[in-house]
Amino acid sequence: MRKLENSELERKTIEDFKKSEKTPLILVLDDVRSLHNIGSVFRTADAFLIEKIYLCGITATPPNKEIHKTALGATETVAWEHNENVLDTITALKENGVITLAIEQVESAIFLQNFEIEKGQKYALIFGNEVHGVAQEAVALCDGCIEIPQLGTKHSLNISVSAGIVVWDLFQKINWP
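For the sequence shown, this note's numbering gives the first residue as 15, with consecutive numbering after it.
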């Protein structure tokens with residue numbers, strides 16, 4: 015085995031990325047405090063051709079050098095928008111036919127491995143802040159909740175790790191059912 019050189023990876027240009035058909039997933043970050051987490055989510059969104067990221071509440075926005083450190087340019091490729099209120103964002107997405115799913119530990123949550131994709135449906139995944147997760151009001155407004163099963167003592171994952179796990183799982187279910 016030989017490690018591939020960057021020139022062999024067939025990377026898209028920014029223009030090619032913007033023209034590419036997107037994965038029908040939207041990410042909503044609500045009150046995310048860590049600039050590194052925000053940048054990491056941008057990088058994951060770029061890797062899987064995510065349609066858009068909504069940055070809500072106190073979540074910082076590009077351009078920002080701390081976000082750029084982990085995003086590595088993904089803020090230039092992935093569409094994003096800042097909204098003050100996550101509830102307004104969820105409501106608008108639902109009005110446009112998007113299924114909204116909080117990524118949270120709640121009663122009646124569907125474990126990630128059991129979640130089934132509806133072909134042709136667009137989904138918005140709502141991620142909360144590092145301390146309190148997704149706000150109860152946002153959970154109540156969503157169409158459902160997905161929980162990542164965890165077996166250890168913490169039952170808590172970093173938001174950028176959670177986003178990576180859920181995006182990868184849904185990406186493969188969408189593309190390789």
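Ideal Cβ positions, reconstructed from N, Cα and C, are used throughout, including at glycine.
As the structure is a prediction and not an experimental result, all values here were calculated from the model.
Taking residue i as part of the alpha helix (DSSP H), name the residues at either end of that continuous run.
{"i": "Asn51", "result": "Leu49 to Ala61"}
{"i": "Val112", "result": "Premise fails: Val112 is in no alpha helix (DSSP H) and is neither H nor E."}
{"i": "Ala154", "result": "Gln150 to Leu155"}
{"i": "Asp44", "result": "Per DSSP, Asp44 belongs to no alpha helix (DSSP H); it is in the beta strand (DSSP E), Thr37 to Asp44."}
{"i": "Asn189", "result": "Ile173 to Asn189"}
{"i": "Ile131", "result": "Note, Ile131: premise wrong, no alpha helix (DSSP H); not H, not E."}
{"i": "Lys32", "result": "Ile28 to Lys33"}
One question on the structure: do residue i and residue j come within less than 9 Å of each other, judged by their Cβ atoms?
{"i": "His96", "j": "Thr73", "result": "yes"}
{"i": "Leu39", "j": "Leu155", "result": "no"}
{"i": "Ser176", "j": "Ile162", "result": "yes"}
{"i": "Leu107", "j": "Cys70", "result": "no"}
{"i": "Val153", "j": "Ala116", "result": "yes"}
{"i": "Gly142", "j": "Ala149", "result": "yes"}
{"i": "Arg57", "j": "Ala85", "result": "yes"}
{"i": "Leu126", "j": "Ile179", "result": "yes"}
{"i": "Tyr68", "j": "Leu41", "result": "yes"}
{"i": "Phe129", "j": "Thr37", "result": "no"}
{"i": "Lys133", "j": "Gly111", "result": "no"}
{"i": "Ile131", "j": "Ile52", "result": "no"}
{"i": "Val100", "j": "Lys66", "result": "no"}
Following the continuous beta strand (DSSP E) through residue i, name the residue where it begins and the one where it ends.
{"i": "Ile140", "result": "Tyr137 to Phe141"}
{"i": "Gly158", "result": "Gly158 to Glu161"}
So with Cβ pairs under 9 Å, would you call residue i a contact of chain B?
{"i": "His50", "result": "Of the protein chains in this structure there is only one, and it is not chain B."}
Give me whichever residues DSSP pairs with residue i in a beta bridge.
{"i": "Phe125", "result": "Glu161"}
{"i": "Lys66", "result": "Ile40"}
{"i": "Gly147", "result": "Asn143"}
> Which runs of the alpha helix (DSSP H) fall wholly inside the stretch 71-110 and span at least 4 residues, in chain order?
Replying inline: DSSP assignment within the stretch 71-110 yields the following whole alpha helix (DSSP H) runs of 4 residues or more, N-terminal first: 79-85 and 100-109.
> Is the stretch 73-87 in contact with the stretch 116-133, if contact means three or more CB pairs nearer than 8 Å?
Replying inline: Per the Cβ contact rule, the stretch 73-87 is not in contact with the stretch 116-133 (fewer than 3 Cβ pairs under 8 Å).
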